[in-house]
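**Student:** In UniProt numbering, the protein residues as written are 1 to 82. Yeah, the Cβ is synthetic: ideal placement off N, Cα and C, and Gly gets one too.
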């Protein structure tokens, strides 16, 4: 799932380097999002994570990975903390 998410984020031309997703190991990963972006992911897209951007890869699968990548693209492009 890590490689698929990395690939989808790169295909969507999201800003930043997503290679760290595949370099990290384990069930969890930290995604570099600010608190406003995390709030939007939770409230608008119902994608839940800790306030520090820690997500669980156990909740990702082939049916929802595109949805998650699209949501991350949206918050990166349209939502930033002031």
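With H, G and I counted as helix, E and B as strand and the rest as coil, what does DSSP make of residue 66?
**Tutor:** Here residue 66 sits in helix by DSSP.
**Student:** Given a cut-off of 7 Å on the beta-carbon distance, is the pair residue 54 and residue 30 in contact?
**Tutor:** It is a contact, given that the beta carbons lie within the stated cut-off.
**Student:** Tell me which residue opens and which closes the alpha helix (DSSP H) that residue 2 is part of.
**Tutor:** Per DSSP, residue 2 belongs to the alpha helix (DSSP H) from 2 to 11.
**Student:** With burial defined as no fewer than 16 other Cβ atoms inside 10 Å of the residue's Cβ, what is the status of residue 24: buried or exposed?
**Tutor:** Exposed, since its Cβ has fewer than 16 Cβ neighbours within 10 Å.
**Student:** What residues in its chain sit with their C-beta under 8 Å from that of residue 32, if we drop five residues either side in the sequence?
**Tutor:** Once the five neighbours on either side are set aside, the close Cβ partners of residue 32 are 16 and 53.
**Student:** Is the beta carbon of residue 1 closer than 7 Å to that of residue 60?
**Tutor:** Yes, the Cβ-Cβ distance between residue 60 and residue 1 is below 7 Å.
**Student:** Is residue 37 buried or exposed, if buried means 16 or more other CB atoms sit within 10 Å of its CB?
**Tutor:** Residue 37 is buried by the Cβ-count criterion.
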